[in-house]
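Going letter by letter, the sequence shown gives residues 40 to 556 in the numbering used here.
Every residue, glycine too, gets a C-beta built ideally from N, C-alpha and C.
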Amino acid sequence: VRVSGVLTNAPFMLNLDCDHYLNNSKAAREAMCFLMDPQIGKKVCYVQFPQRFDGIDRHDRYANRNTVFFDINMKGLDGIQGPVYVGTGCVFRRQALYGYDPPKGPKRPKMVSCDCCPCFGRRKKNPKFEKHGDVENIQGYNDDDKELLKSQMNFEKKFGQSAIFVTSTLMVDGGVPPSSSPASLLKEAIHVISCGYEDKTEWGLELGWIYGSITEDILTGFKMHCRGWRSIYCMPKRPAFKGSAPINLSDRLNQVLRWALGSVEIFFSRHSPLVYGYKGGNLKWLERFAYVNTTVYPFTALPLLAYCTLPAICLLTGKFIMPEISTLASLFFISLFLSIFATGILELRWSGVSIEEWWRNEQFWVIGGVSAHLFAVIQGLLKVLAGIDTNFTVTSKASDDEEFGELYAFKWTTLLIPPTTILIINMVGVVAGISDAINNGYQSWGPLFGKLFFAFWVIVHLYPFLKGLMGKQNRTPTIVVIWSILLASIFSLLWVRIDPFVLKTKGPDVKQCGLNC
């Protein structure tokens, strides 16, 4: 950013990941239509394009397209204060990256009335009673507000010790000073990338891409919105940019883990949307609510884990964990299911997303929720409470082997353990529940159907995960077999301990002879 500011100082910058390429030759013009708009352009900090990918299998098994996010959520944010910055496919206004506030709109002129009617507006002042010094001060401020800005800000502390670069930051329309020679600009460009240049400056804190989080994109866009900027979501028919996606199950889960861990880091940092950015009042409350959602969504792993395991436990025990909350638990599951169903219908009708794409996103939301999101919460808490840091891992993308060959490759990771456990619990629960109903007769089938429905609902959500475990040869890898046997043994011992088929009685049967037996 600094080198380009010294050498060319273009007012706009395109940001792409290293695996993305230009797919639409008119993409830059699309962005300029917003950034150079005479009415709203000056207040637009960036134009964000949706991410599109090559090399994804036809059914998009692991929801790499993120259709619900890019075609529904981001379009919704565009109607508030603009979409969040997602790290690639984005055209920035350089002034916004420099930490400047957006220009203020012209103030509404104050009502001025004549002397005859003092009830409306203020009385017009007589120029002869005005102090000449005050007028001069006001006129001086309006004539050269850049010089006044220079006198009020400590540019060295903000931008670093480079007079040429500081001058470039004040050139809103870009360009370099005409008196500068190429040799001096090159020398200054080398200076602004020296190792110690950022020391004791605001780079990474208030300027440029914000440091301190593995999801620096969310943080960078959030601080811009807090200053009062707005962003634009641009979706041309032909995708503007395309990239590669992690096609393997383990790589996809690790990518989701990285995103979720970054959100947890932001939630526990000083930049948490819950507490940051209230001073200026520039962030709209709905936009803040959206940013809060981007930082708290990993914590939904805990209720989601309960949602996926409670039906199976109910089937295994033949009853709810606590009989006195059985009605409440039933209402919770029913309301949760209906809310998901109703939200899905509204999203499909509004956005035009196909039901298959929406369903793939729902499936992987559950898969990622009980694995990557859960681990992100645990690692985030360990980092905050114990100072145990995690290493950044670059996501592995599509391989150069046969088409979709990586789709069937199996790579062991601990992220596979929770979904595997949930699958086994629910499968064992279904078998146990049906066996219990057969053993107890016709009256047991009524309550069984509700439990079976939610158990099958969980299994269907985890179906892509099960296919990923099976691999290309349709057989489960040895390590998963070992884990399955271990977990099945644990649940078998648990089943023997509970033993719901045997009537446990202590004393006389009070149902037959009453309390006075």
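Asked	Found
Under the three-state DSSP convention, the category tyrosine 250 falls into	coil
Leucine 258 versus isoleucine 305: straight-line alpha-carbon distance, rounded	7 Å
7 Å Cβ cutoff met for proline 337 and alanine 299	yes
Per DSSP, cross-strand counterpart(s) of tyrosine 272	Gln87
Residue interval of the beta strand (DSSP E) (run including phenylalanine 131)	129 to 132
Beta-carbon gap between proline 312 and arginine 327 smaller than 7 Å	yes
Separation of tryptophan 397 from isoleucine 379, as counted between CA atoms	11 Å
Terminal residues of the alpha helix (DSSP H) in which lysine 226 lies	221 to 231
Limits of the beta strand (DSSP E) - the one that lysine 281 falls within	280 to 283
Rounded C-alpha distance that separates isoleucine 271 from lysine 81	12 Å
DSSP-derived helix/strand/coil call for leucine 61	strand
CA-to-CA distance, threonine 334 to tryptophan 242, given in whole angstroms	23 Å
Alanine 284 beta carbon less than 7 Å from that of asparagine 103	yes
When Ala202, Phe73, Leu413 are compared against tyrosine 236, the one with the closest alpha-carbon	Ala202
Spatial neighbours of isoleucine 232 in its chain, beta-carbon cut-off 7 Å, leaving aside the 5 residues before and after	Arg41, Val42
3 or more residues per run - each beta strand (DSSP E) lying fully within the region 276 to 345	280 to 283
Cα-Cα separation, phenylalanine 495 to asparagine 465	8 Å
Alpha-carbon to alpha-carbon, asparagine 112 and leucine 325	13 Å
Residue range of the beta strand (DSSP E) that includes leucine 53	51 to 54
DSSP-derived helix/strand/coil call for tryptophan 242	strand
Pick from Gln200, Thr208, Tyr502, Val86 that is closest to alanine 49, judged by C-alpha positions	Thr208
Asparagine 287 to valine 314 span [Cα, whole Å]	38 Å
Stretch-stretch touch, CB-based, cutoff 8 Å, three pairs: the region 377 to 396 with the region 464 to 478	no
Residue closest to threonine 348, alpha-carbon to alpha-carbon, out of Val107, Ile461, Gly267, Leu454	Ile461
DSSP beta-bridge partners of aspartate 93	Ser283
Identity of the residue in Thr206, Asp117, Trp268 nearest leucine 136 by Cα	Trp268
Exposure of glutamine 134, with buried meaning 16 or more beta-carbon neighbours within 10 Å	buried
Unbroken alpha helix (DSSP H) run spanning asparagine 478, endpoints	456 to 479
Neighbour-count burial assignment, alanine 279, 16 or more Cβ in a 10 Å radius	buried
Length of the line joining the Cα atoms of aspartate 96 and isoleucine 417	32 Å
Residue range of the unbroken alpha helix (DSSP H) whose run includes serine 410	Here serine 410 belongs to no alpha helix (DSSP H), and DSSP marks it neither H nor E.
Beta-carbon proximity of valine 86 to valine 130, cut-off 7 Å	yes
Cβ shell of aspartate 93 (< 7 Å), same chain only, five flanking positions each side left out	Lys281, Ser283
Distance, phenylalanine 261 Cα to lysine 323 Cα	12 Å
Pick from Val125, Asn321, Leu246 that is closest to lysine 143, judged by C-alpha positions	Asn321
Nearest candidate by alpha-carbon position, reference leucine 491, set Pro503, His264, Ile473, Asp212	Ile473
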